[in-house]
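Asker:
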Amino acid sequence: MEFKAKDIATFLNGEVIGDEEIKVTGVSKIEDGKEGTLAFLANPKYESYLYSSDASVILINKQFELKKEVSATLIKVDDAYQAFAALLDLYLQAKAGLKTGVEQPSYINESAVVKEGVYIGAFAYIGKNAEIGENVKIYPQVYVGDNVVVGDNTVLYAGSKIYDDCIIGNGCIIHSGAVIGADGFGFAPQDNGEYKKIAQIGNVVLEDDVEIGANTTVDCGTMGSTIIRKGVKLDNLIQVAHNCEIGKNTVIAALAGLAGTTKIGQNCQIGGQVGFAGHLAVGNNVKIGPQSGISKNIKDGRVVLGAPAVDLKEAIKINIVFRNLPALREDVIQLQKEIKEIKQTEKD
Amino acid sequence: MEFKAKDIATFLNGEVIGDEEIKVTGVSKIEDGKEGTLAFLANPKYESYLYSSDASVILINKQFELKKEVSATLIKVDDAYQAFAALLDLYLQAKAGLKTGVEQPSYINESAVVKEGVYIGAFAYIGKNAEIGENVKIYPQVYVGDNVVVGDNTVLYAGSKIYDDCIIGNGCIIHSGAVIGADGFGFAPQDNGEYKKIAQIGNVVLEDDVEIGANTTVDCGTMGSTIIRKGVKLDNLIQVAHNCEIGKNTVIAALAGLAGTTKIGQNCQIGGQVGFAGHLAVGNNVKIGPQSGISKNIKDGRVVLGAPAVDLKEAIKINIVFRNLPALREDVIQLQKEIKEIKQTEKD
Amino acid sequence: MEFKAKDIATFLNGEVIGDEEIKVTGVSKIEDGKEGTLAFLANPKYESYLYSSDASVILINKQFELKKEVSATLIKVDDAYQAFAALLDLYLQAKAGLKTGVEQPSYINESAVVKEGVYIGAFAYIGKNAEIGENVKIYPQVYVGDNVVVGDNTVLYAGSKIYDDCIIGNGCIIHSGAVIGADGFGFAPQDNGEYKKIAQIGNVVLEDDVEIGANTTVDCGTMGSTIIRKGVKLDNLIQVAHNCEIGKNTVIAALAGLAGTTKIGQNCQIGGQVGFAGHLAVGNNVKIGPQSGISKNIKDGRVVLGAPAVDLKEAIKINIVFRNLPALREDVIQLQKEIKEIKQTEKD
C-alpha cells in the first residue's frame with residue numbers, strides 16, 4: 011500500500027511542511043528511518059534523529075520548534091504519538107480488509123453458517139453446525155470444530171485449533187498454534203495403578219475482545235465451561251486448565267500455567283512462568299511477579315511475588331537475607347564462638 | 011444426539027420416576043441444570059439443587075429419599091455418579107463413532123496401509139509406508155510422517171504432528187498441536203564457537219493407552235527411541251527430550267520439562283512446571299511437587315518438593331524458616347548486640 | 011535405503027573385514043545392534059558388545075585389536091565415531107534429497123517466487139510475494155505468509171507457521187508447530203481498565219543456520235525486527251518476545267522465556283525454564299543455569315544461577331545454607347537460650 015503525505019495529513023487533520031506528493035509504503039522508527047517510510051517524533055530525547063533520519067515523512071507535534079533544517083517532509087499534528095498509532099490502526103484495518111473471500115481448497119461443512127465479509131484461507135476446516143460471524147478472518151489451516159460459534163470481527167490466525175462446542179466472542183484474536191477446548195487433564199486412579207479417563211464434555215467460552223497468544227492452550231471444562239472474560243489478554247505458551255475462569259481485562263504473560271478450576275479476578279496482571287495450583291480464588295486487581303508459585307487464595311488488590319508467593323515488600327526483604335545467607339551463617343558461627351568464650355571466661 | 015428417559019433407564023438398569031418419554035440432548039451439572047439436559051445427584055451437599063434444577067432428567071441413588079417434590083424426571087440407579095460416568099463414556103463413543111470415512115481433500119500416500127473403521131479428516135497427511143490401525147480417528151490437518159505406525163482405536167486430534175518412523179500404540183489420544191518425534195536438541199560445539207548439528211535418527215515409541223496433551227513435544231531419540239510406556243498421561247505444553255523414558259502409568263502436569271536421556275519410573279506423579287536435568291534416574295511411585303527442580307536421581311517412593319528438591323517434610327520446614335528470614339536476621343543482629351554488651355560488662 | 015559394506019567402506023576410505031556384499035538398511039547402537047543395521051565402536055567401554063552385537067556391519071578404529079572372533083562384518087577406519095557421524099549426515103542428506111517437487115493440493119500464490127530443487131508438501135500455503143530459495147523443504151501444512159523470504163536449503167517441518175514479512179536465512183531448520191512472527195504482547199492500558207492493542211507491525215529476522223524447536227514462538231517486533239543471529243539454536247517451547255535479539259551461536263534450552271526487547275549476546279548457554287525480564291542486556295559467553303530468573307543485566311563471561319540469579323559459586327554457597335535453614339534456626343534459638351542464661355548468671 012502507498013500513501014501520499016497530503017492524504018495522510020488530511021486523515022490526521024494535520025499540516026504538511028515539505029513535499030505534499032511524496033509517497034510512503036511503510037513505517038519505521040525515527041532512529042533507523044528508511045526512505046519511503048513514515049516515522050514520528052514524540053519523545054524530545056530522539057530530536058537529533060529528526061535532522062538525520064532518512065524517513066520520507068515524519069509526524070511531529072504542532073508545538074515543536076525546529077532547531078535545524080530537516081530534509082524529510084513533516085506533518086504537524088496535535089499529538090504525534092497518537093496520530094502515529096491511529097495511522098497504524100488504519101493501516102492494519104486496510105490490510106485486513108484485503109483478506110476476504112474463500113480460498114480453495116478449504117472445507118466448510120454444508121451445515122455451517124458463514125456470514126458476510128468473511129475470509130477463509132486454504133486448508134481451513136469448518137465443522138458441522140459451526141457459525142462464523144461477519145468479517146471474521148479465518149487464516150489457512152485453521153480448524154473450527156463442530157458446533158463452534160465465532161463472533162463478528164474475530165481473527166483466527168493460521169493453524170489455530172478450536173475443538174467442538176467452543177464459543178468465541180466478537181473481536182477476538184487467536185494466534186497460530188493456540189488450542190482452544192482440548193480435553194482437561196482428568197483421570198480417575200484405579201486400584202491397579204492405571205488411570206481411567208474422565209470424559210471431558212464441557213467447552214471453552216471466550217467473551218469479546220479476548221486475545222490468545224501463539225501456542226497457548228485453554229482446556230475445555232470437564233462439565234460446564236472454562237471461561238475467559240471480556241478483554242482478557244493471554245501471551246504465548248500459557249496453559250489454562252479445565253473449568254478455570256479468568257476475569258475481565260486480566261493480562262497474563264508467557265509460560266504461566268493454571269491448574270484446574272482456579273478462578274482469577276478482573277484487572278489482574280500476572281507475570282511470566284507463574285504457576286497456580288488448582289481450585290484457587292484470586293481476587294481483582296491482583297499483581298503477581300514472574301515465576302511465582304501460587305498455592306493459596308489471594309485477596310483483592312494484593313501485589314505478591316515468590317514461590318510460595320508473599321507480599322512484594324516482604325518478598326524483597328526475604329530476598330535480601332536470602333542472597334546473604336552465607337554471611338548470616340558466618341555471623342551465627344561467630345556468635346557461637348563468642349558465647350563459648352564467654353562461658354569459658356565465666357567458668358575460669 | 012437425543013435420548014429418551016426410558017432408554018437411558020434401560021441402559022443403566024434403573025427405574026424412571028416421571029415422564030418416561032422426555033428427551034435429553036446433553037448433560038449439565040445439577041447446580042446449573044438446563045432444560046433438555048441430564049444431570050446427577052451423588053453428593054448430598056448438592057441436594058437443594060435437586061428441587062430447583064431445570065435439568066429434565068436427574069440420576070439419583072436408589073436409596074435416596076426425596077424431601078420435597080421434584081419437577082425433573084428422576085432415574086433411580088445403584089450409584090448415580092458411576093451411572094453418569096457410564097453414560098458419558100457411551101455418549102463419547104457414540105459421538106466418536108459418527109466420525110468415519112475419508113474427507114476430501116486429504117493425502118494418503120499410495121504405499122500407506124489404512125485399516126477398517128478409520129476416520130481421516132480433510133487436509134490430513136499420511137506419509138509413505140505408514141500403517142493406520144482399525145478405528146483410528148485422524149482429525150483434519152494431522153501429519154503422519156513416513157513409516158509411522160498408529161495402533162488401533164487411537165485418536166489424533168486436529169493438527170497433531172507425528173514425524174517419520176514413530177510408533178504410536180493402541181488406544182492412545184494425541185491432542186492438537188502435539189509434536190511427536192521432532193529432532194532432539196543435540197549439537198557438537200566447534201572450535202570457532204559454532205554448533206554442528208548431530209543427526210537425530212531415532213524415533214519415539216508410545217505404548218498403549220498413552221495420552222499426550224495439546225502442544226506437548228516429545229523429541230525422537232538421537233539413536234534408538236524416546237519411550238513413553240503404557241498408560242502414561244502427559245498434560246499440555248510438556249517437553250520430553252531425546253532418549254527419555256517415562257514408566258507405566260506415570261502422570262505429568264503442564265509445562266514440565268525433561269532434559270535428554272532422563273528416565274522416570276512407573277506410577278509417578280509429577281507437578282506442573284517441574285524441570286529435570288539430563289541423564290537422571292527417577293524411581294517408581296515418586297511424587298514431585300510443582301515447580302521443583304530435579305538435578306539428582308530420586309529413589310522409589312520418595313515425595314519431594316523444591317528447587318533443588320528435597321523430601322517434602324524437609325521442604326516444608328525449610329520454607330517456614332525461609333518465609334521468616336527477615337525475623338531470623340533480626341534475631342541474629344539482636345544476639346550480636348547482646349553479646350557486645352555482655353563483653354563490655356565483662357571488661358568493665 | 012540400502013547400502014553394501016563395500017560401498018560404505020569406499021565412501022569412508024576404510025577396509026572391509028568379512029562379507030563385502032552384506033547390506034544394511036539402518037543404524038543402531040552397538041549395545042542393542044540389530045541384524046541389517048550398521049553400528050560403531052569408539053568407546054573401549056563398549057568393547058564387549060562388539061563380540062555379541064547382532065549388527066551386520068560395525069565400524070571400528072584402524073588401531074583396534076580384536077580379542078575374540080566377531081560375527082559382524084567390520085569396516086576399519088581412522089576414527090569410527092567421525093566416520094559414523096559422516097555416514098549419518100550422508101544418510102540424512104540422501105533422505106532429504108528424496109523429498110522434492112510439489113505435492114497436491116498445495117497453495118502457492120501466483121506472485122510467489124519458488125526456486126529450484128524445492129519440496130512443497132500437500133496443504134502447505136505460500137502467500138503473496140513470498141520468496142522460497144533453492145532446495146528449501148517445506149513440509150505439509152506449513153504456512154508461509156505474505157512477503158516472507160526463505161533462504162536456500164532451509165527446512166520448514168510440518169505445520170510450522172511463518173507470519174507475513176518475516177525473513178528466514180539460509181540453512182535454517184524450523185520444527186513443527188513453531189510460530190515465527192505472531193504479534194508481540196503489547197497493549198496500552200485505558201482509564202476504564204481495558205487494554206487497547208498496540209499494532210505490531212515489525213517482523214522476525216532469522217539469520218543463517220538457525221534452528222528453532224517444536225512449538226517455540228518468536229514474536230515479531232512492535233516496530234523493527236526481533237532478530238535471531240547466525241547459528242542460534244533454540245530448543246522446544248521457548249518464548250521470544252517482540253524486539254528481542256539473540257546473539258550468534260547462543261543456545262537456549264526448552265521452556266525458557268524472554269520478555270520484550272531483551273538482548274542476549276553471542277555464544278551464551280541458557281538452561282531450561284530460565285525467565286528473562288524485559289529490556290535487559292546479557293553479554294557474550296554468559297552461562298545461565300536452569301530455572302534461573304534474570305531481572306538485571308549480565309556482563310560478559312559470567313556464569314549465574316538462581317532466581318534472582320547470582321554467580322554460580324555464590325549460588326552454591328547460598329543453596330547449602332538454604333537446605334540447612336531449619337538447623338540454622340535451631341542454632342539461633344540455642345544461642346538465645348544461652349545468652350539468656352548468661353545474663354541471668356550475671357544478674358545473680
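Chains as they are written, first to last, in the numbering used here: chain A, 11 to 358; chain B, 11 to 358; chain C, 11 to 358. Just so it is clear, CB atoms sit at the ideal spot from N, CA and C, and this is done for glycine as well. Since this is a predicted model, take the numbers as computed values, not measurements.
1) By how many angstroms is the C-alpha of E351 (chain A) removed from the C-alpha of C278 (chain A)?
2) Please determine if the region 100-109 of chain B and the region 118-125 of chain B are in contact, where contact requires at least 3 C-beta pairs separated by less than 8 Å.
3) Find the nearest neighbour of K243 (chain B) within the set A:L22, A:Q346, A:I208 and A:V296, judged by alpha-carbon distance.
4) DSSP three-state label for S235 (chain A), please.
5) Given a threshold of 16 other Cβ atoms within 10 Å of its Cβ, counted over all protein chains shown, does P54 (chain C) qualify as buried or as exposed?
6) For a quick check, are the C-beta atoms of A263 (chain A) and G275 (chain A) less than 7 Å apart?
7) A224 (chain C) and Y135 (chain B): beta carbons closer than 7 Å?
8) Measuring CB to CB, does A317 (chain B) end up less than 7 Å from G303 (chain B)?
9) Check the Cβ of D341 (chain B) against every Cβ in chain C and list those closer than 8 Å, keeping chain order.
10) Would you mind telling me which residues of chain C sit closer than 7 Å to I352 (chain A), beta carbon to beta carbon, in chain order?
11) Output, in chain order, the set of chain A residues within a Cβ distance shorter than 8 Å of E113 (chain B).
12) Kindly say whether I328 (chain C), judged by its beta-carbon, lies nearer than 7 Å to any beta-carbon of chain A.
13) Less than 7 Å between the C-beta atoms of A96 (chain B) and L69 (chain B), yes or no?
14) Mark G111 (chain A) as exposed unless 16 or more other C-beta atoms lie within 10 angstroms of its C-beta, in which case mark it buried.
15) Who are the neighbours of F74 (chain C) on chain A, taking C-beta pairs under 9 Å?
16) Taking Cβ positions only, does P150 (chain C) come closer than 7 Å to chain B?
17) Which residues bound the alpha helix (DSSP H) around Y91 (chain B)?
18) Quick one, are the C-beta atoms of N295 (chain B) and G285 (chain B) less than 7 Å apart?
19) Restricting to runs no shorter than 4 residues, where is the alpha helix (DSSP H) found entirely within the region 23-81 of chain A?
20) Just how far apart, CA to CA, sit K347 (chain A) and K347 (chain C)?
21) According to the neighbour-count rule (16 or more other Cβ atoms, all chains shown, within 10 Å of its Cβ), is Y167 (chain B) buried or exposed?
22) Would you kindly work out how many angstroms separate the C-alpha atoms of L268 (chain C) and A251 (chain C), rounded to a whole number?
23) Looking only at its own chain, which residues have a Cβ that is under 8 Å from the Cβ of I32 (chain A), when we skip the five neighbours before and after it?
24) Between K243 (chain C) and chain B, is the shortest Cβ-Cβ distance under 7 Å, so that the two count as touching?
25) Should H289 (chain B) go down as buried or exposed, given a rule of 16 or more other Cβ atoms within 10 Å for buried?
26) Out of B:C182, B:R339, B:I148 and B:A188, state which residue places its alpha-carbon closest to the alpha-carbon of N246 (chain B).
27) At a CB-CB cut-off below 7 Å, which residues of chain A make contact with D193 (chain C)?
28) Opposite G303 (chain C) in the DSSP bridges: which residues?
29) Given 8 Å as the limit, is there contact between the region 165-180 of chain A and the region 226-236 of chain B, that is, 3 or more CB pairs closer than that?
30) Mapping DSSP to helix, strand and coil, what is K357 (chain C)?
31) What three-state label does DSSP hand A263 (chain A) in the structure shown?
32) How about A266 (chain C) and I248 (chain C): are their beta carbons less than 7 Å apart?
33) Can you pull the chain A residues whose beta carbon is under 9 Å from the beta carbon of G131 (chain B), in chain order?
34) Note the first and the last residue of the continuous beta strand (DSSP E) segment covering N213 (chain A).
35) What does the Cβ neighbour count give for P300 (chain A), buried or exposed, with the cut at 16 atoms within 10 Å?
36) In chain order, what residues of the region 87-115 of chain B put their CB closer than 8 Å to some CB of chain A?
Answerer: So, from the listed chains and residues:
1) Position 268 of the first sequence, counted from the first residue, corresponds to residue 278 (chain A). Position 341 of the first sequence, counted from the first residue, corresponds to residue 351 (chain A). Each residue's Cα considered, the two are about 55 Å apart.
2) Taking a cut-off of 8 Å for Cβ pairs, the region 100-109 of chain B and the region 118-125 of chain B do not touch, as fewer than three such pairs fall below it.
3) One-based indexing of the second sequence puts residue 243 (chain B) at position 233. If we check each option's Cα against that of K243 (chain B), A:I208 comes out closest.
4) Residue numbering aside, residue 235 (chain A) sits at position 225 when the first sequence is read from its first letter. Residue state, collapsed to three classes: strand.
5) Locating residue 54 (chain C) in the third sequence gives position 44, counting from the first residue. By the neighbour-count rule (16 or more Cβ atoms within 10 Å), P54 (chain C) is not buried but exposed.
6) Taking the first sequence and counting its residues from 1, one reaches residue 263 (chain A) at position 253. Taking the first sequence and counting its residues from 1, one reaches residue 275 (chain A) at position 265. By the CB criterion at 7 Å, A263 (chain A) and G275 (chain A) fall outside the cutoff.
7) In the third sequence, residue 224 (chain C) corresponds to position 214, counting from 1. In the second sequence, residue 135 (chain B) corresponds to position 125, counting from 1. Note that the C-beta distance between A224 (chain C) and Y135 (chain B) is not below 7 Å.
8) The residue you call residue 317 (chain B) lines up with position 307 of the second sequence. The residue you call residue 303 (chain B) lines up with position 293 of the second sequence. Taking a C-beta distance under 7 Å as the contact criterion, A317 (chain B) and G303 (chain B) qualify as a contact pair.
9) As a working note, residue 341 (chain B) is residue 331 in the second sequence. Around D341 (chain B), the beta-carbon contacts reaching into chain C at under 8 Å are V342 and Q346.
10) Counting from 1 along the first sequence, the entry for residue 352 (chain A) is found at position 342. By Cβ distance, chain C contributes I352.
11) In the second sequence, the residue the question calls residue 113 (chain B) occupies position 103. One finds Y117 in chain A with Cβ atoms closer than 8 Å to the Cβ of E113 (chain B), taken in chain order.
12) For the purposes of this step, residue 328 (chain C) is taken as the residue at position 318 of the third sequence. Residue-level contact by beta carbon holds for I328 (chain C) and chain A, with a gap shorter than 7 Å.
13) Locating residue 96 (chain B) in the second sequence gives position 86, counting from the first residue. Locating residue 69 (chain B) in the second sequence gives position 59, counting from the first residue. Taking 7 Å as the Cβ cut-off, A96 (chain B) and L69 (chain B) do not qualify as a contacting pair.
14) Residue 111 (chain A) sits at position 101 when you count from the first residue of the first sequence. Burial call: exposed.
15) On the third sequence, residue 74 (chain C) is found 64 positions in, with the first residue counted as 1. None at all; the shortest Cβ gap to chain A is about 47 Å.
16) To locate residue 150 (chain C), count along the third sequence from 1; it is residue 140. So, interface residue.
17) Start at 1 with the first residue of the second sequence, and residue 91 (chain B) comes out as number 81. A90 to L108 is the extent of the alpha helix (DSSP H) around Y91 (chain B).
18) For the purposes of this step, residue 295 (chain B) is identified with residue 285 of the second sequence, where counting begins at 1. For the purposes of this step, residue 285 (chain B) is identified with residue 275 of the second sequence, where counting begins at 1. No, they are not a contact pair.
19) Within the region 23-81 of chain A, complete alpha helix (DSSP H) segments of at least 4 residues are found at 57-62, given in chain order.
20) Working through the first sequence from its first residue, we reach residue 347 (chain A) at position 337. Working through the third sequence from its first residue, we reach residue 347 (chain C) at position 337. If I take the Cα positions, the gap works out to 15 Å.
21) For the purposes of this step, residue 167 (chain B) is identified with residue 157 of the second sequence, where counting begins at 1. Answer is buried; the Cβ neighbour count reaches 16.
22) For the purposes of this step, residue 268 (chain C) is taken as residue 258 along the third sequence, with counting starting at 1. For the purposes of this step, residue 251 (chain C) is taken as residue 241 along the third sequence, with counting starting at 1. Roughly 6 Å between the two C-alpha positions.
23) Within the first sequence, numbered from 1, the residue matching residue 32 (chain A) stands at position 22. By the criterion of a C-beta distance shorter than 8 Å, I32 (chain A) is surrounded in its chain by K14, A15, S66, V67 and T83, once the five residues flanking it on both sides are discounted.
24) What you label residue 243 (chain C) is simply residue 233 of the third sequence in a count that begins at 1. Yes, its Cβ sits closer than 7 Å to a Cβ of chain B.
25) Taking the second sequence and counting its residues from 1, the one referred to as residue 289 (chain B) is at position 279. With fewer than 16 other Cβ atoms inside 10 Å of its own Cβ, H289 (chain B) counts as exposed.
26) Working through the second sequence from its first residue, we reach residue 246 (chain B) at position 236. Of B:C182, B:R339, B:I148 and B:A188, the residue nearest in Cα terms is B:A188.
27) Walking along the third sequence from the start, residue 193 (chain C) turns up at place 183. Near D193 (chain C) (Cβ distances below 7 Å), the residues of chain A are H185.
28) As a working note, residue 303 (chain C) is residue 293 in the third sequence. In the DSSP output, where bridge partners are listed per residue, G303 (chain C) has C:G285.
29) By the Cβ test, the region 165-180 of chain A is not in contact with the region 226-236 of chain B, since fewer than three Cβ pairs between them sit closer than 8 Å.
30) What you label residue 357 (chain C) is simply residue 347 of the third sequence in a count that begins at 1. Three-state result, K357 (chain C): helix.
31) Numbered from its first residue, the first sequence carries residue 263 (chain A) at position 253. DSSP places A263 (chain A) in coil when its eight states are reduced to three.
32) Numbered from its first residue, the third sequence carries residue 266 (chain C) at position 256. Numbered from its first residue, the third sequence carries residue 248 (chain C) at position 238. Against a cut-off of 7 Å, the Cβ pair of I248 (chain C) and A266 (chain C) comes out as a contact.
33) Along the second sequence, one-based indexing puts residue 131 (chain B) at 121. Proximity of chain A to G131 (chain B) at the Cβ level (cut-off 9 Å) is accounted for by Y117, Y135 and Y153, in chain order.
34) Residue 213 (chain A) sits at position 203 when you count from the first residue of the first sequence. N213 to L216 is the extent of the beta strand (DSSP E) around N213 (chain A).
35) Reading the first sequence from its first residue, position 290 is the one you call residue 300 (chain A). Taking a 10 Å sphere around the C-beta of P300 (chain A), we find 16 or more other C-beta atoms and assign the residue as buried.
36) The residues in question are A95, L98, D99, Y101, L102, E113 and P115.
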